[in-house]
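Below: one structure, written as structure tokens.
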Ligand SMILES: Nc1nc2c(ncn2[C@@H]2O[C@H](COP(=O)(O)OP(=O)(O)O)[C@@H](O)[C@H]2O)c(=O)[nH]1
Ligand SMILES: [Mg+2]
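Protein chains in written order, with this note's numbering: chain A, 1 to 132; chain B, 1 to 200.
Next up, the structure:
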């Protein structure tokens, strides 16, 4: 166990802020879309390389490791990661941007908002829904 | 470290991620509908609000910030290896519109659920999608004991454009919930085809 200065009893507000060291915004310019897909660049490895450090020099928090673990075989959306870790989206965005800066994840962004999905894709969605 | 084949990231392209929103007043069946067609989870968003309920940019003092957590329904439907559809159901009140603005970006469209006993609860969501030009369909959720109205009566009461689909549904039933989603995507498809023929 990490001898952290917070514990579960500190509640869901203190903990996330401790985890992101008080940052409420990701350092990147634009905010990550809820359905942007995150893929870990650690292959299928169960263990993280021991010497990984964040841009500020700190090691990874357990939550960073959990994100990597969850999206190491197949991508997961920002929203899925937030529900999976049971953390607010804002906190998860900060954690993901840490990992992005460290080169540990890759992000695949959704279709730009101004661009409608292709009609063939919409037909595929309709067929897919009907097959549910 | 020697890398075995299992250490190599799969060379599969990422799937395309799409989303549909599920809107409507409190108790209208949003959570039920998302749960009927997908594994449902609750998504916590954390927003800084002013008293007026609008997000603000960084202010100097911590005391000036108020953080509110808003929960929304969230579901995932895997259409194929290449296509994933996400559903977001959020509270319909106008004070949550800052959330809707982000969600509506890039969405295929929305299902607005309506309860005939309190149609007015759907006005805000309908206004929102009309003003943003996002395709939407109205799902009339048929609650037990509520009078059944034909879709055209609901359309007239909601003052909807003639091309907006109105479907009767039971959000608890998978097939019925699914048809409400299909109605939105079909509507988006028609819109897209019309826009294309209008240009050429
Ligand atoms: N009879 C009937 N009850 C429904 C239907 N959809 C939802 N309900 C019930 O209405 C209540 C509120 O639904 P809920 O999904 O929580 O509404 P939300 O506030 O929009 O998320 C629940 O008890 C549901 O079981 C429906 O189509 N028919
Ligand atoms: Mg609900």
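Note that CB positions come from ideal geometry on N, CA and C, so glycine has one too.
Length of the line joining the Cα atoms of residue i and residue j
i: residue 98 (chain B); j: residue 104 (chain B); result: 10 Å
i: residue 141 (chain B); j: residue 114 (chain B); result: 6 Å
i: residue 75 (chain A); j: residue 38 (chain A); result: 5 Å
i: residue 119 (chain A); j: residue 182 (chain B); result: 14 Å
i: residue 27 (chain B); j: residue 36 (chain B); result: 15 Å
i: residue 41 (chain B); j: residue 74 (chain B); result: 5 Å
i: residue 96 (chain A); j: residue 67 (chain A); result: 8 Å
i: residue 82 (chain B); j: residue 58 (chain A); result: 37 Å
Spatial neighbours of residue i in its chain, beta-carbon cut-off 8 Å, leaving aside the 5 residues before and after
i: residue 84 (chain B); result: 15, 16, 17, 18, 76, 77, 78
i: residue 152 (chain B); result: 166
i: residue 164 (chain B); result: 136, 137, 138, 155, 187
Sequence-distant residues of its chain with Cβ nearer than 6 Å to residue i (five each side left out)
i: residue 45 (chain B); result: 70
i: residue 148 (chain B); result: none
i: residue 82 (chain A); result: 89, 92
i: residue 202 (chain B); result: Limits of chain B in this structure are 1 at one end and 200 at the other, which puts residue 202 (chain B) out of reach.
i: residue 58 (chain B); result: Unreliable positioning characterises residue 58 (chain B) in this predicted model, as indicated by a pLDDT of 46, which lies under 50. The coordinate reading is nonetheless provided below. Closer than 6 Å at Cβ, skipping near neighbours: no residue.
Any chain B beta carbon closer than 8 Å to residue i
i: residue 75 (chain A); result: yes
i: residue 32 (chain A); result: no
i: residue 80 (chain A); result: yes
i: residue 83 (chain A); result: yes
i: residue 105 (chain A); result: no
Residue i versus the options, residue with shortest Cα-Cα distance
i: residue 168 (chain B); options: B:111, B:159, B:90; result: B:111
i: residue 41 (chain A); options: A:111, A:98, A:104; result: A:104
i: residue 65 (chain A); options: A:85, A:120, A:121, A:80; result: A:85
i: residue 132 (chain A); options: B:102, B:31, B:179; result: B:179
i: residue 13 (chain B); options: A:71, A:61, A:123, A:108; result: A:108
i: residue 221 (chain B); options: B:127, B:136, B:159; result: One cannot answer for residue 221 (chain B) here, as it falls past the ends of chain B, which runs 1 to 200.
Chain A contact for residue i (CB, 8 Å cutoff)
i: residue 16 (chain B); result: yes
i: residue 106 (chain B); result: yes
i: residue 50 (chain B); result: The pLDDT assigned to residue 50 (chain B) is 45, lower than 50, so where the model puts this residue is not dependable; a value taken from the coordinates is nonetheless given after this. Not closer than 8 Å to any Cβ of chain A, the Cβ of residue 50 (chain B) fails to qualify, so no.
i: residue 45 (chain B); result: yes
i: residue 31 (chain B); result: no
Other residues of its chain near residue i: CB distance less than 7 Å, five sequence neighbours each side excluded
i: residue 53 (chain B); result: At residue 53 (chain B), the pLDDT of 45 sits below 50, so the modelled position is not reliable and the matter cannot be decided from this model.
Supposed contact pair residue j and residue i - C-beta distance, whole angstroms, cut 8 Å
i: residue 192 (chain B); j: residue 116 (chain A); result: 5 Å
i: residue 157 (chain B); j: residue 21 (chain B); result: The Cβ separation is near 22 Å, so there is no contact.
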